[in-house]
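Q: Structure in structure tokens, see below.
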Amino acid sequence: MRNFLIKVFRFYYNGFRSMTVGRKLWVIILIKFFFMFAILKLFFFPDLLKKNFSSDRERSNYVIESLTQIK
Amino acid sequence: MFQNFDISLVDWSRGQFALTALYHWLFVPLTLGLSVIVAIMETIYVKTGNKAWKKITKFWMTIFGINFAIGVATGIILEFEFGTNWSKYSWFVGDIFGAPLAIEGILAFFMESTFIAVMFFGWEKVSKKFHLASTWLTALGSNLSALWILIANAWMQNPTGMHFNPDTARNEMVNFFDVALSPTAINKFLHTVSQAYVLASLVVLAISAWFLLKNRDILFAKRSIVVGSVFGLIGILLTIYTGDGSAQQVFKTQPMKFASMEALYEGQDHAPLIAFGITGSLDENNPGKYSFPVRIEVPGMLSYLSSHDANTFVPGIKDLINGNKEHNILSLAEKEERGYVAIMTLKEMKEARDTDPGKYKELRAKFEDPQWIKDYFAYFGYGYYKGENPAKLLPNIVMTFYSFHLMVLLGFFFLLVLLLALIWGVKDRIAGKKWFLWVLVWTAPLAYVATELGWITAEVGRQPWVVQDLMPNVTAVSNISAITVQVTFWLFTLTFTILAIAEIKIMFKQIKLGPKDGGQ
Numbered sequence: 001m002r003n004f005l006i007k008v009f010r011f012y013y014n015g016f017r018s019m020t021v022g023r024k025l026w027v028i029i030l031i032k033f034f035f036m037f038a039i040l041k042l043f044f045f046p047d048l049l050k051k052n053f054s055s056d057r058e059r060s061n062y063v064i065e066s067l068t069q070i071k
Numbered sequence: 001m002f003q004n005f006d007i008s009l010v011d012w013s014r015g016q017f018a019l020t021a022l023y024h025w026l027f028v029p030l031t032l033g034l035s036v037i038v039a040i041m042e043t044i045y046v047k048t049g050n051k052a053w054k055k056i057t058k059f060w061m062t063i064f065g066i067n068f069a070i071g072v073a074t075g076i077i078l079e080f081e082f083g084t085n086w087s088k089y090s091w092f093v094g095d096i097f098g099a100p101l102a103i104e105g106i107l108a109f110f111m112e113s114t115f116i117a118v119m120f121f122g123w124e125k126v127s128k129k130f131h132l133a134s135t136w137l138t139a140l141g142s143n144l145s146a147l148w149i150l151i152a153n154a155w156m157q158n159p160t161g162m163h164f165n166p167d168t169a170r171n172e173m174v175n176f177f178d179v180a181l182s183p184t185a186i187n188k189f190l191h192t193v194s195q196a197y198v199l200a201s202l203v204v205l206a207i208s209a210w211f212l213l214k215n216r217d218i219l220f221a222k223r224s225i226v227v228g229s230v231f232g233l234i235g236i237l238l239t240i241y242t243g244d245g246s247a248q249q250v251f252k253t254q255p256m257k258f259a260s261m262e263a264l265y266e267g268q269d270h271a272p273l274i275a276f277g278i279t280g281s282l283d284e285n286n287p288g289k290y291s292f293p294v295r296i297e298v299p300g301m302l303s304y305l306s307s308h309d310a311n312t313f314v315p316g317i318k319d320l321i322n323g324n325k326e327h328n329i330l331s332l333a334e335k336e337e338r339g340y341v342a343i344m345t346l347k348e349m350k351e352a353r354d355t356d357p358g359k360y361k362e363l364r365a366k367f368e369d370p371q372w373i374k375d376y377f378a379y380f381g382y383g384y385y386k387g388e389n390p391a392k393l394l395p396n397i398v399m400t401f402y403s404f405h406l407m408v409l410l411g412f413f414f415l416l417v418l419l420l421a422l423i424w425g426v427k428d429r430i431a432g433k434k435w436f437l438w439v440l441v442w443t444a445p446l447a448y449v450a451t452e453l454g455w456i457t458a459e460v461g462r463q464p465w466v467v468q469d470l471m472p473n474v475t476a477v478s479n480i481s482a483i484t485v486q487v488t489f490w491l492f493t494l495t496f497t498i499l500a501i502a503e504i505k506i507m508f509k510q511i512k513l514g515p516k517d518g519g520q
């Protein structure tokens, strides 16, 4: 089992080391992930119902009230 | 009714979702199609042992990798928007979306990401057959990812296999197979995936044509054209076949979208299909009625598309607004009245929950009564439009009409291009036809235009519904400031432009390097 895990580690390690254009792509992916999760999600896209209410019952009540708010 | 809703917020939220969805979709079809093309090329390499095929496979695998890397996770932004901009919608559909998206996350994503590593790092390190299996499993994983999200989208177009729980205001899945295997979902998945195969084939053909025009890597280009055109031809035939199936589903479940796709105002038997048309002005007194200064029709074709019977009555926008007793079509006013009853029942039930158990029980029972659900709850969303101008229940007809017609026109153009590419490719005469090589180069961007037009037809055509007949966009949107949405809209526009430039630069650089030096 240990040998297998070492083999898997080496497989990925050598794979990443031998990348050419892939390195540039990984940099783009990491910047993108940082932008998405550390900036967008954190500052601009909160889960409103999760943030504003503490239980599913409260969330349900709020949504039903919103859906039935007509004259 | 609409004084409770901020229409500018709805418009900005819709615009932002459209921007992110259309951007995300620039990457997905190439990933779906190219993954299969690469697997086919590698299969030929493993079968023949010919090293030239290995080189071809590795080049296209690199193009696949670039597209995958730039596009990966762009879809996550859509999920962020669900939670922030469309929180009421997310709550309303939560249980239905939960299952397919969870399966996508667990099965497809892990399958894809595991085997992608073997695909890129495994050359010479694992056996040829294991490597080939990984390439096919990557293709399968990519396509499965698309399946689950398309099932979720199909449910929004045709909500089936669910039951509305009035205590929680959530739709709960009653039958997974009704959701996953609804005719809308099957047609949507097959149509979307097959047109992705066409797009990927046309990209392969365009890049290969460029090599031929530059008079370099000739064998690579010719072989790629043959594989791409065979695959693309199968793809386009499947796209046309499933497009026909999709049209029948739209006719059954979204008649207003069907009428808007043809800008058909007055319903008729033996309805014609507009082969070519230019819309004129809107009749101010008749919502949805446009003049057609130019119009070339194919008699009976629209009826045939609706049900494979050229004599079928196709309701027009007018029939759907005013109703048509002869054809058993309810008017919008009647649907609004029924929807209003359903909304008020929900309101009274909630109010009675803590104060009047008897009344609560009586009203709650209605949401379990199949006949009441069919007669009233099925029109829930229409209730918000009671007394409003019927135009508010119409999609953007001009946009839907042109998107649909241009998409179909481009589809048949692709069929011709792929057919010629195959014939001249197999006869080894393609390199001498410079004009056709330029056509191939310029057809690839058109494939992107066509695929985006398909989504515009599907999504603009179903407005104002977020969930067909049940939830309009005005009630789905969160109570947030429109300015916040505007800020993120422009932030996305900037980010997406930078990412798109990065993709194009890296992609073009790699293409110029060609198959000999294509790395990973």
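Going down the list, the protein sequences come from chains E and W.
Each residue of the first sequence is one higher than the one before, counting from 1 in the working numbering.
Each residue of the second sequence is one higher than the one before, counting from 1 in the working numbering.
Even glycine gets a Cβ: it sits at the ideal position worked out from N, Cα and C.
Fair warning: this is a prediction, and the values are worked out from it, not measured in the lab.
(1) Measuring CB to CB, does Asn158(W) end up less than 8 Å from Thr312(W)?
(2) Would DSSP call Glu65(E) helix, strand or coil?
(3) To the nearest angstrom, how far is it from the Cα of Val474(W) to the Cα of Met507(W)?
(4) For Asn479(W), which residues does DSSP report across the bridge?
(5) Tell whether a beta-carbon distance below 8 Å holds between Phe53(E) and Gly83(W).
(6) Within 8 Å (strictly less), CB to CB, does Ile278(W) reach chain E?
(7) Within 8 Å, do at least three Cβ pairs link the region 474-493 of chain W to the region 52-63 of chain W?
(8) Using the three-state DSSP reduction, which class does Asp517(W) fall into: helix, strand or coil?
(9) Please return the same chain residues whose Cβ sits closer than 6 Å to the Cβ of Gln520(W), not counting the five positions on each side in sequence.
(10) Please classify Phe164(W) as buried or exposed, where buried requires at least 16 other C-beta atoms within 10 Å of its C-beta.
(11) Within 8 Å, do at least three Cβ pairs link the region 457-470 of chain W to the region 378-391 of chain W?
(12) In the region 24-42 of chain E, which residues sit with their C-beta less than 8 Å from some C-beta in chain W, listed in chain order?
(13) Please list the partners that Lys87(W) has in chain E, where partner means a Cβ-to-Cβ separation under 8 Å.
(14) Given a cut-off of 8 Å, decide if Ala500(W) and Met36(E) are closer than it, judged by their beta-carbon atoms.
(15) Please list the partners that Leu5(E) has in chain W, where partner means a Cβ-to-Cβ separation under 8 Å.
(16) My assumption, with CB atoms under 8 Å, is that Gly425(W) sits in contact with Ile218(W). Please give the rounded CB distance.
(17) Rank Trp155(W), Met162(W) and Phe258(W) by C-alpha distance to the C-alpha of Thr400(W) and give the top, closest one.
(18) CA-CA distance, Asp517(W) and Gly141(W)?
(19) Glu351(W) to Arg338(W), Cα distance in whole Å?
(20) Is the Cβ of Ile506(W) closer than 8 Å to any Cβ of chain E?
(21) Whole angstroms is fine: what's the gap from Leu494(W)'s alpha carbon to Trp148(W)'s?
(22) Take Leu19(W) as the anchor and find which of Gly232(W), Ile456(W) and Val477(W) has the nearest alpha-carbon.
(23) Show which residues of chain E have a CB atom less than 9 Å away from the CB atom of Leu346(W).
(24) Excluding five sequence neighbours on each side, which residues of the same chain lie with their C-beta closer than 7 Å to the C-beta of Gly75(W)?
(25) Three-state secondary structure (DSSP) at Pro472(W)?
(26) Do you know whose CA, among Leu363(W), Phe413(W) and Asn67(W), lies nearest Val439(W)'s CA?
(27) In whole angstroms, give me the CA-to-CA distance for Phe97(W) and Arg14(W).
(28) Would you kindly check if the distance between the Cβ of Ala39(W) and the Cβ of Tyr12(E) is under 8 Å?
(29) Between Ile54(E) and chain W, is there a C-beta pair that is closer than 8 Å?
(30) Going by C-alpha to C-alpha distance, which of Val314(W), Glu336(W) and Pro370(W) sits closest to Glu326(W)?
(31) Which full runs of the alpha helix (DSSP H) of 4+ residues lie inside the region 149-192 of chain W, going along the chain?
(32) Kindly indicate if chain W contains any beta-carbon less than 8 Å away from that of Phe9(E).
(33) Expressed to the nearest angstrom, what Euclidean distance is found between the alpha-carbon atoms of Asp300(W) and Ser113(W)?
(34) Please name the residue, chosen from Ala52(W), Trp372(W) and Gly161(W), that lies closest to Leu181(W) on a Cα-to-Cα basis.
(35) Given a cut-off of 8 Å on the beta-carbon distance, is the pair Leu332(W) and Leu393(W) in contact?
(36) Hey, does Asp354(W) have any beta-carbon neighbour from chain E nearer than 8 Å?
A: According to the data block:
(1) Start at 1 with the first residue of the second sequence, and residue 158(W) comes out as number 158. Start at 1 with the first residue of the second sequence, and residue 312(W) comes out as number 312. No, the Cβ-Cβ distance between Asn158(W) and Thr312(W) is not below 8 Å.
(2) For the purposes of this step, residue 65(E) is taken as the residue at position 65 of the first sequence. Note: Glu65(E) maps to helix in three-state DSSP.
(3) Taking the first residue of the second sequence as 1, we reach residue 474(W) at position 474. Taking the first residue of the second sequence as 1, we reach residue 507(W) at position 507. The alpha-carbon atoms of Val474(W) and Met507(W) are separated by roughly 41 Å.
(4) For the purposes of this step, residue 479(W) is taken as the residue at position 479 of the second sequence. According to DSSP, which records beta bridges pairwise, Asn479(W) is partnered with nothing at all.
(5) Reading the first sequence from its first residue, position 53 is the one you call residue 53(E). Reading the second sequence from its first residue, position 83 is the one you call residue 83(W). No, the Cβ-Cβ distance between Phe53(E) and Gly83(W) is not below 8 Å.
(6) Indexing the second sequence from 1 puts residue 278(W) at position 278. Using a Cβ-Cβ cut-off of 8 Å, Ile278(W) does not count as an interface residue toward chain E, since no Cβ of chain E sits closer than that to its own.
(7) The region 52-63 of chain W vs the region 474-493 of chain W: no contact.
(8) Sequence index remark: in the second sequence, residue 517(W) carries index 517 (1-based). The predicted position of Asp517(W) is uncertain, since its pLDDT is 46 and thus under 50; no value can be drawn from it.
(9) Along the second sequence, read from residue 1 onward, the residue named residue 520(W) stands at position 520. Only weak support exists for where Gln520(W) lies, its pLDDT of 44 falling under 50; the value from the coordinates is given anyway. Shown here for Gln520(W): same chain residues with a beta carbon closer than 6 Å to its own, the five before and five after excluded, namely Phe120 in chain order.
(10) For the purposes of this step, residue 164(W) is taken as residue 164 along the second sequence, with counting starting at 1. Residue environment: Phe164(W) is assigned as buried (16 or more neighbouring CB atoms within 10 Å of its CB, all protein chains considered).
(11) Contact between the region 378-391 of chain W and the region 457-470 of chain W is present, with at least three C-beta pairs closer than 8 Å.
(12) Among the residues of the region 24-42 of chain E, those with a Cβ less than 8 Å away from any Cβ of chain W are Lys24, Leu25, Trp26, Ile28, Ile29, Lys32, Phe33, Phe35, Met36, Leu40 and Lys41, in the order of the chain.
(13) As a position in the second sequence, residue 87(W) is number 87, starting the count at 1. It should be pointed out that residue 87(W) corresponds to Ser in this sequence rather than to Lys. Within 8 Å Cβ-Cβ: Asp47, Leu48 and Leu49.
(14) Mapped onto the first sequence, residue 36(E) falls at position 36. Mapped onto the second sequence, residue 500(W) falls at position 500. In this structure, Ala500(W) does not lie closer than 8 Å to Met36(E) by Cβ.
(15) Locating residue 5(E) in the first sequence gives position 5, where the first residue counts as 1. Contact note: Leu5(E) does not reach chain W at a C-beta cutoff of 8 Å; the least C-beta distance is about 15 Å.
(16) As a first step, residue 425(W) is located in the second sequence; it is residue number 425 there, counting from the start. As a first step, residue 218(W) is located in the second sequence; it is residue number 218 there, counting from the start. Not a contact, Cβ separation roughly 12 Å.
(17) The residue you call residue 400(W) lines up with position 400 of the second sequence. The residue among Trp155(W), Met162(W) and Phe258(W) with its C-alpha nearest the C-alpha of Thr400(W) is Phe258(W).
(18) Working through the second sequence from its first residue, we reach residue 517(W) at position 517. Working through the second sequence from its first residue, we reach residue 141(W) at position 141. Because Asp517(W) carries a pLDDT of 46, less than 50, the predicted location of this residue cannot be relied on, and no value is offered for it.
(19) What you label residue 351(W) is simply residue 351 of the second sequence in a count that begins at 1. What you label residue 338(W) is simply residue 338 of the second sequence in a count that begins at 1. If you take the alpha carbons of Glu351(W) and Arg338(W), they lie about 20 Å apart.
(20) Indexing the second sequence from 1 puts residue 506(W) at position 506. So, interface residue.
(21) Walking along the second sequence from the start, residue 494(W) turns up at place 494. Walking along the second sequence from the start, residue 148(W) turns up at place 148. Each residue's Cα considered, the two are about 29 Å apart.
(22) The residue given as residue 19(W) occupies position 19 in the second sequence. If we check each option's Cα against that of Leu19(W), Ile456(W) comes out closest.
(23) Indexing the second sequence from 1 puts residue 346(W) at position 346. The answer, in chain order, is Ile64, Leu67 and Thr68.
(24) Against the second sequence, residue 75(W) aligns to sequence position 75. Within the same chain, Gly75(W) has close Cβ partners His24.
(25) As a first step, residue 472(W) is located in the second sequence; it is residue number 472 there, counting from the start. DSSP places Pro472(W) within a strand segment (E or B) once states are collapsed to three.
(26) For this step, residue 439(W) is matched to residue 439 along the second sequence. Nearest to Val439(W) by C-alpha distance, out of Leu363(W), Phe413(W) and Asn67(W), is Phe413(W).
(27) For the purposes of this step, residue 97(W) is taken as residue 97 along the second sequence, with counting starting at 1. For the purposes of this step, residue 14(W) is taken as residue 14 along the second sequence, with counting starting at 1. Taken atom to atom, the span from the alpha-carbon of Phe97(W) to that of Arg14(W) is near 19 Å.
(28) As a working mapping, residue 12(E) is identified with position 12 in the first sequence. As a working mapping, residue 39(W) is identified with position 39 in the second sequence. Contact flag unset, no.
(29) Walking along the first sequence from the start, residue 54(E) turns up at place 54. The amino acid occupying residue 54(E) in the given sequence is Ser; Ile does not appear at that position. With 8 Å as the cut-off, Ser54(E) does not count as an interface residue toward chain W.
(30) Reading the second sequence from its first residue, position 326 is the one you call residue 326(W). Nearest C-alpha to Glu326(W): Val314(W).
(31) Entirely contained in the region 149-192 of chain W, the alpha helix (DSSP H) runs reaching 4 residues are, in chain order, 176-180.
(32) For this step, residue 9(E) is matched to residue 9 along the first sequence. Phe9(E) has a beta carbon lying at 8 Å or more from every beta carbon in chain W.
(33) Your numbering for residue 300(W) matches position 300 in the second sequence. Your numbering for residue 113(W) matches position 113 in the second sequence. For clarity, residue 300(W) is Gly in the given sequence; the question names Asp instead. Near 49 Å, if we compare the C-alpha coordinates of Ser113(W) and Gly300(W).
(34) In the second sequence, the residue the question calls residue 181(W) occupies position 181. When C-alpha distances from Leu181(W) are compared across Ala52(W), Trp372(W) and Gly161(W), the shortest belongs to Gly161(W).
(35) Sequence index remark: in the second sequence, residue 332(W) carries index 332 (1-based). Sequence index remark: in the second sequence, residue 393(W) carries index 393 (1-based). For the 8 Å CB-CB criterion, Leu332(W) and Leu393(W) form a contact.
(36) Counting from one through the second sequence, the residue named residue 354(W) turns up at place 354. So no, Asp354(W) is outside the interface.
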